[in-house]
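In the numbering used here, the protein residues as written are 4 to 195. Structure record follows, encoded as structure tokens.
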């Protein structure tokens with residue numbers, strides 16, 4: 004009888020302990036970009052390999068919030084540079100309260116003006132201004148934080164003034180979201 008009690012105790016403990024990893028793995032299955040669409044502009048006018056300046060932090064939409072101000076821009080830029088989609092650096096705007104006004108100013112500046120302003124190592128050809136439209140996070144047991152985020156990514160050709168706006172939604176573990184989006188952007192721009 005004592006052996007049966009011990010066996011039941013072990014089986015119960017194992018089932019409770021294994022529940023977290025099983026749920027965590029189920030939650031992370033199928034992670035990646037869920038939707039990507041061009042809402043304005045033509046992908047054919049934007050070419051990979053150009054010099055990109057990313058404005059950080061991203062703007063926030065009504066349902067968007069920061070995990071840490073500037074992280075979205077920095078993580079996406081790292082992922083973009085990591086796959087050599089663009090050669091990029093970022094400009095951190097410390098005055099958060101005038102971010103929308105500053106973004107509008109930067110979009111109208113020439114490449115040389117932006118280079119001088121941001122003390123870059125290169126003259127940017129494109130400017131990326133992102134907006135966090137929505138974000139939701141949940142903990143996946145034993146796996147990490149799952150993030151479901153939607154961005155509006157506005158690429159501005161600083162010479163011609165042409166805009167390309169891409170709306171993208173990704174759902175994955177927090178560290179994987181930016182690489183997922185960078186890969187989807189590379190695929191989208193290669194079709195243009």
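Here a beta-carbon is modelled for each residue, glycine too, at the ideal position from N, C-alpha and C.
Candidates 127, 117, 151: closest to residue 89 by CA position: Stepping through the chain shown from its first residue, residue 89 is reached at position 86. The residue with the shortest Cα to Cα distance from residue 89 is 127.
Exposed or buried, which one is residue 279 when buried takes at least 16 other CB atoms within 10 Å? In the structure as shown, the chain starts at 4 and stops at 195, and residue 279 therefore has no counterpart that could be examined.
Could you check which residue in 167, 125, 181 has the C-alpha nearest to that of residue 152? Counting from 1 along the chain shown, the entry for residue 152 is found at position 149. Out of 167, 125, 181, 181 has the C-alpha closest to the C-alpha of residue 152.
Looking only at its chain, what residues have a beta carbon closer than 8 Å to the beta carbon of residue 62, apart from the 5 residues adjacent to it on each side? The sequence position of residue 62 within the chain shown is 59, counting from 1. 102, 103, 106, 132, 133, 134, 135, listed in sequence order.
So the beta strand (DSSP E) residue 176 belongs to, where does it begin and stop? Position 173 of the chain shown, counted from the start, is the residue given in the question as residue 176. Its beta strand (DSSP E) spans residues 166-176.
Where does residue 86 sit, in a helix, a strand or coil, going by DSSP? Residue mapping note: residue 86 aligns to position 83 of the chain shown, counting from 1. Of the three classes helix, strand and coil, the one that applies to residue 86 here is coil, per DSSP.
Residue range of the unbroken alpha helix (DSSP H) whose run includes residue 115: Numbered from 1 along the chain shown, position 112 holds the residue referred to as residue 115. Counting along the chain, the alpha helix (DSSP H) containing residue 115 begins and ends at 114-121.
Determine contact between the segment 47-60 and the segment 82-98, defined as no fewer than three beta-carbon pairs at a distance below 8 Å. Enough Cβ pairs lie closer than 8 Å, so yes.
Spatial neighbours of residue 27 in its chain, beta-carbon cut-off 7 Å, leaving aside the 5 residues before and after: Here residue 27 corresponds to residue number 24 of the chain shown, with the count starting at 1. Residue placement at residue 27 is flagged as unreliable, the pLDDT there being 48, under the threshold of 50; the coordinate-derived value follows with that caveat. 143, 144, 145, 146, listed in sequence order.
Going straight from the alpha carbon of residue 30 to that of residue 148, what length do you get? Indexing the chain shown from 1 puts residue 30 at position 27. Indexing the chain shown from 1 puts residue 148 at position 145. In this prediction, residue 30 scores a pLDDT of 49, lower than 50, which makes its location untrustworthy; the coordinate-derived value is nonetheless stated afterwards. So the two alpha carbons sit approximately 10 Å from each other.
Is residue 166 closer than 7 Å to residue 44 when the C-beta atoms are compared? By one-based count along the chain shown, residue 44 stands at place 41. By one-based count along the chain shown, residue 166 stands at place 163. Taking 7 Å as the Cβ cut-off, residue 44 and residue 166 qualify as a contacting pair.
Taking residue 183 as the reference, which of 38, 11, 4, 10 has the closest Cα? Locating residue 183 in the chain shown gives position 180, counting from the first residue. Measuring from the Cα of residue 183, the nearest candidate turns out to be 38.
How big is the Cα-Cα spacing for residue 160 and residue 174? Translated into the one-based positions of the chain shown, residue 160 becomes position 157. Translated into the one-based positions of the chain shown, residue 174 becomes position 171. Between residue 160 and residue 174, the C-alpha separation is close to 29 Å.
Which ranges does the beta strand (DSSP E) cover as unbroken runs of at least 3 residues, wholly within the segment 50-109, from first to last along the chain? 54-59, 62-66, 90-95
Counting C-beta neighbours from all protein chains within 10 Å, is the total for residue 114 16 or more, i.e. buried, or is it exposed? Your numbering for residue 114 matches position 111 in the chain shown. By the neighbour-count rule (16 or more Cβ atoms within 10 Å), residue 114 is buried.
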